[in-house]
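Okay, structure first, notes after.
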Amino acid sequence: MPVISGNTSGSIASVAYDIPSTIMSWSLTNKTGGAITANLVVIPGFGQTPVYVWSGSIAANSTQIDDKPIKLLSDYQILIIVSGSTDYYFSI
Numbered sequence: 034m035p036v037i038s039g040n041t042s043g044s045i046a047s048v049a050y051d052i053p054s055t056i057m058s059w060s061l062t063n064k065t066g067g068a069i070t071a072n073l074v075v076i077p078g079f080g081q082t083p084v085y086v087w088s089g090s091i092a093a094n095s096t097q098i099d100d101k102p103i104k105l106l107s108d109y110q111i112l113i114i115v116s117g118s119t120d121y122y123f124s125i
């Protein structure tokens, strides 16, 4: 399974994937000394409405994890928007 991982402190979008896929699990880890706000969004193909997968607050040095499969059609992107330094990990 492909993995997307890294760190961001603002927003980051994945490349567009042109084949149907499934996000098997994901995690966002707050690397700051205080709570942050985070939004995880899937942007479907051109002109379609973005889907908020998760939106909320993550306490200092804590991790938000979800392992429910998310089925995606082709031409989607994953967008992460956070208010502090965050490690991200996606298993696709």
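Numbering (the working numbering), first residue to last: 34 to 125. Every residue gets a Cβ at the ideal spot worked out from N, C-alpha and C, and that includes glycine. Computed from a predicted model, the values in this text were never measured in an experiment.
Which residues DSSP lists as bridging residue i, in chain order
| i | result |
| --- | --- |
| T61 | The sequence shown places Leu at residue 61, not Thr. Note: L61 sits in a beta bridge opposite Q97, Y121. |
| V115 | A71 |
Residue i vs residue j beta-carbon contact at 7 Å
| i | j | result |
| --- | --- | --- |
| I56 | I125 | yes |
| N63 | S88 | no |
| S53 | L106 | Per the sequence presented here, residue 53 reads as Pro, with Ser not at that position. Closer than 7 Å, so yes. |
| I37 | S47 | yes |
For residue i, the three-state DSSP class (helix, strand or coil)
| i | result |
| --- | --- |
| Q81 | coil |
| V36 | strand |
| V48 | coil |
| G43 | coil |
| A71 | strand |
| L192 | One cannot answer for residue 192 here, as it falls past the ends of the chain, which runs 34 to 125. |
| G66 | coil |
Neighbour-count burial assignment, residue i, 16 or more Cβ in a 10 Å radius
| i | result |
| --- | --- |
| Q85 | Sequence check: residue 85 is Tyr here, not Gln. Exposed, by the Cβ-count rule. |
| T119 | buried |
| F79 | exposed |
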